[in-house]
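Okay, structure first, notes after.
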Amino acid sequence: MRDDCLDVHVLTSLAGAQRIIEARRIDYNTGRPHSAIGNQTPAAFAAAGVLAMQRGEALRYPRGFAPRPVAPQSPVGSNREQTQTPPG
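Here my numbering is used: the first residue of the sequence shown is 119, the next is one more, and so on.
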C-alpha cells in the first residue's frame, strides 16, 4: 500500500489521507486484478461465481478440504436382533 498510495501522494491533511487510502482500498478490493484468482478482478471473480451457482453448478472442494460426510442414515426400523442368553 505504501508504494501504491502513500509514497506517491503528498498528504497534507488527515481527511486527504483518508480519501486517498479509501480510494486505494476500493480499487484493490474491486478493480485490481489478483493473481490468486486467475488475474481477474475480485468483482469479475465474484460475478462469475454467482453466475455459476445460478446455473446449478456444484461447488468443488480441493482435495482434503471437502466437508466430512454425516453418518449414514439408519435403515427404517431396527436392524438389531435381540440378544438371547444361552440356557445353562
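For every residue, glycine included, the Cβ atom is placed at its ideal position computed from N, Cα and C.
Note that the coordinates shown come from a computational prediction; the quantities given were computed from them, not determined experimentally.
Worksheet entry | Cα-Cα separation, Y146 to H152 | The residue given as residue 146 occupies position 28 in the sequence shown. The residue given as residue 152 occupies position 34 in the sequence shown. Each residue's alpha carbon lies about 9 Å from the other.
Worksheet entry | Same chain, Cβ closer than 7 Å to T148, five either side skipped, listed in chain order | Stepping through the sequence shown from its first residue, residue 148 is reached at position 30. Same-chain partners within the cutoff: T159, P160 and A161.
Worksheet item: What separation, rounded to the nearest whole angstrom, lies between the Cα atoms of T130 and R150?
Response: Counting from one through the sequence shown, the residue named residue 130 turns up at place 12. Counting from one through the sequence shown, the residue named residue 150 turns up at place 32. A direct Cα-to-Cα measurement between T130 and R150 gives close to 26 Å.
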